[in-house]
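Number of protein chains: 2
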Amino acid sequence: MNEPQLVRGLGEQIVERLREDILSGRIAEGERLREVDLAKRFSVSRGPIREALQQLAWEGVVETDRNKGALVSTSAPNEISELIIPLRCTIEKYAIRLFFDQLTEEDFLTWETILSKMKQACESKDFALISEHDIAFHRSLVKRANSPDLLAIWSAMVSRIRRHFRESHLRYQNPVQIYEEHLPIIEALREGSLSDALQIIEDHIE
Amino acid sequence: MNEPQLVRGLGEQIVERLREDILSGRIAEGERLREVDLAKRFSVSRGPIREALQQLAWEGVVETDRNKGALVSTSAPNEISELIIPLRCTIEKYAIRLFFDQLTEEDFLTWETILSKMKQACESKDFALISEHDIAFHRSLVKRANSPDLLAIWSAMVSRIRRHFRESHLRYQNPVQIYEEHLPIIEALREGSLSDALQIIEDHIE
DNA sequence: TGAACCATTATTGTTAACAATTAACATTTA
DNA sequence: TAAATGTTAATTGTTAACAATAATGGTTCA
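Printed below as a string of structure tokens:
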């Protein structure tokens with residue numbers, strides 16, 4: 001099995017930090033990202049920064065024009081989430097089918113760790129953090145399938161509907177519900193019922 | 207409309223040349239790509255080379271391990287095409303619904319132009335060109351919906367399955383069939399039957 | 001013999017300087 | 001004044017040197 005690569009390059013680390021900042025809304029849509037600023041912030045040279053920006057551009061998190069640098073791309077209008085919902089469903093169900101018969105205790109530990117962070121964020125009503133962990137949870141589901149193609153396509157989609165995540169979260173009067181709605185997914189996986197898990201994911205993604 | 211960016215960076219130019227070399231088989235599967243070799247071959251420094259390799263890795267054309275460089279991916283029997291087919295179906299049908307009641311004669315002209323080029327490519331059995339025009343046709347369908355997000359998501363997917371296009375084309379004994387299978391799509395649009403068009407697209411994408 | 005160790009080489013990762021391009025702004029001109 | 005032009009500053013694109021890591025090959029020792 002693929003070792004989870006303990007030492008990651010600077011570029012990859014920066015991708016994750018920037019992506020979290022942008023998907024959660026801590027860095028605003030339309031904001032310009034200058035290479036030298038980022039290099040100073042992360043205390044590295046512009047090489048890894050350029051690497052990270054290129055990756056984020058493919059994911060659709062930022063947009064780049066030649067010789068003009070990178071802007072945080074604006075999240076798609078909500079009407080497109082009508083399209084994305086069935087797409088996400090297809091992908092995440094496909095992912096679950098791929099890894100379903102290879103589940104280990106470690107997997108559940110990973111997911112429970114993310115969800116416990118989400119719970120904390122829900123309790124303190126920090127919606128930026130809630131979105132971040134919500135997306136992180138679903139990303140880790142897709143990632144578990146161990147298919148770079150699957151993850152790439154999913155990432156390209158989700159980065160474009162980050163606003164939809166936040167806005168749907170804001171509708172909850174009691175944000176802890178957001179956390180609670182994620183529990184059945186893991187429970188179904190633990191109980192070993194594939195069809196239940198698929199059905200629950202389908203109901204959940206909306 | 208988007209200007210077709212006249213001056214491209216070195217990285218982008220190298221991406222295209224390497225991708226063509228790999229997909230056409232001039233660079234064999236499993237072959238190792240060393241940065242210094244490529245830098246010498248293209249007479250540039252390693253910067254643009256790394257950029258190009260990162261892009262090709264994202265597209266799935268090469269695989270990279272940290273500190274170990276890039277290998278040309280072996281085209282594993284693309285089990286993911288099983289996933290891509292329903293995704294493409296969803297997206298392209300969604301696109302058609304969006305523009306269906308705004309069709310003009312100009313649209314048909316665009317599509318017929320692309321298809322006539324495809325026909326030529328089919329007749330000369332130039333499979334690289336066939337793929338290009340096939341992708342161009344479907345891209346123009348999606349583009350017609352006039353939604354940058356839709357196009358972006360579709361592009362992210364297609365860049366990962368370029369290889370699948372080519373391989374499915376190679377199965378045709380008479381490549382002109384590829385061209386002929388595209389005609390009913392336009393015919394249905396011309397005749398003004400949305401449900402027919404959607405059904406034909408669904409049958410076509412397989 | 002062959003398995004473990006060390007030194008050497010090859011290769012990638014990172015950095016910092018330099019070149020080319022774009023943006024900003026003052027100046028000129030109609 | 002407003003448009004056009006030229007100049008400067010800010011920013012990205014590219015390069016080449018340096019650092020860190022992995023592959024190679026030979027030597028020793030059981």
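First to last, the protein sequences are chains A and P.
One point on numbering: in the working numbering, the residue at position 83 of the first sequence is 83, and numbering is uninterrupted.
If you count the second sequence from 1, you need to add 206 to reach the working numbering.
The beta carbon of each residue, even a glycine, is placed where N, CA and C say it ideally should be.
Name the one or two DSSP bridge partners that residue i has.
i        : result
P/ALA276 : P/LEU239, P/THR270
Go through its chain and collect everything with a Cβ distance to residue i's Cβ below 8 Å, but skip five positions before and after it.
i        : result
P/PHE343 : TRP317, ILE320, LEU321, MET324, HIS388
A/LYS143 : LEU151
P/SER346 : THR316, TRP317, ILE320
A/GLU202 : CYS89, LYS93
A/LEU250 : Not covered by the structure: residue 250 of chain A. The range shown for chain A is 1 to 206.
P/ASN352 : LEU304, PHE305
P/ASN208 : Bear in mind that the predicted position of P/ASN208 carries a pLDDT of just 33, short of 50, making it unreliable; the figure below should be weighed with that in mind. Closer than 8 Å at the Cβ level, and outside the excluded window around P/ASN208, lies no residue.
A/TRP131 : It is worth fixing the name first, because residue 131 of chain A is Ser in this sequence and not Trp. Counting only Cβ-Cβ distances below 8 Å, and skipping sequence neighbours, we find LEU23, SER24, GLY25, ARG162, PHE165, ARG166, HIS169.
P/VAL242 : ARG252
A/HIS133 : ILE114, LEU115, LYS117, MET118, ALA121
Can you give me the Cβ contacts of residue i inside the same chain, cut-off strictly under 6 Å, excluding the 5 residues immediately before and after it?
i        : result
P/PHE248 : ILE220
P/ILE290 : ILE367
A/LEU194 : PHE100
P/THR270 : ALA263, ALA276
A/GLU31  : VAL72
A/LEU33  : ALA70
So, helix, strand or coil for residue i, using DSSP?
i        : result
P/LEU309 : coil
A/PRO77  : coil
P/PRO390 : helix
P/TYR300 : helix
A/PRO175 : coil
P/GLY217 : helix
A/SER126 : According to the sequence provided, residue 126 of chain A is Asp. The question's Ser does not apply to it. Three-state DSSP puts A/ASP126 in coil, outside helix and strand.
A/SER45  : coil
P/SER399 : coil
A/SER140 : helix
P/ILE290 : helix
P/SER365 : helix
A/ALA152 : helix
A/SER168 : helix
P/ILE411 : coil
P/ALA351 : coil
A/PHE57  : In the sequence as presented, Phe is not what sits at residue 57 of chain A; that position holds Ala. Helix, per DSSP.
A/SER131 : helix
A/GLU20  : helix
P/LYS325 : helix
A/ARG26  : coil
P/ILE406 : helix
Suppose the cutoff is 7 Å on Cβ atoms and the five residues either side in sequence are ignored; what does the same chain contact list for residue i look like?
i        : result
A/LEU18  : ALA52, LEU56
A/GLN199 : none
A/SER155 : GLU59
A/HIS204 : GLU181, ILE185
A/ILE22  : VAL61, VAL72
P/SER287 : ILE367, HIS370
A/LEU10  : VAL44, PRO48
A/LEU38  : ILE49
A/GLN5   : Note that A/GLN5 scores a pLDDT of 44, beneath 50, so its modelled location is shaky; the value from the coordinates is reported in the next line. Taken in chain order, the list of residues that qualify is empty.
A/ALA128 : SER24, GLY25, ARG26
- Query: What residues from the stretch 144-175 of chain A come within 9 Å of chain P, judged by C-beta to C-beta, listed N to C?
  - Reply: Per Cβ criterion, the list reads SER147, PRO148, ASP149, LEU150, ALA152, ILE153, SER155, ALA156, MET157, ARG160, ILE161.
- Name, going along the chain, the residues of the stretch 246-264 of chain P whose beta-carbon falls closer than 9 Å to a beta-carbon of chain A. Within the stretch 246-264 of chain P, the qualifying residues are GLY253, ARG256, GLU257, GLN260, GLN261, ALA263, TRP264.
- Check distances from the C-beta atoms of the stretch 215-241 of chain P to those of chain A and list, in chain order, the residues that come in under 9 Å. GLY215, GLY217, GLU218
- Could you name the residues of the stretch 299-318 of chain P whose beta carbon sits closer than 8 Å to any beta carbon of chain A, in the order they occur along the chain? Here the close residues are TYR300.
- Task: Pull out every residue of the stretch 269-283 of chain P whose Cβ sits closer than 7 Å to any Cβ of chain A, in chain order.
- Result: ARG272
- Message: If the cut-off is 7 Å on Cβ atoms, which residues from the stretch 178-201 of chain A count as contacting chain P, listed in chain order?
- Response: none
- Query: When Cβ atoms are compared, which residues of the stretch 331-344 of chain P fall closer than 7 Å to chain A?
  - Reply: none
- Query: Using Cβ-Cβ distances below 9 Å, what residues of the stretch 285-297 of chain P are close to chain A?
  - Reply: GLU285, ILE286, GLU288, LEU289, ILE290, PRO292, LEU293, THR296, ILE297
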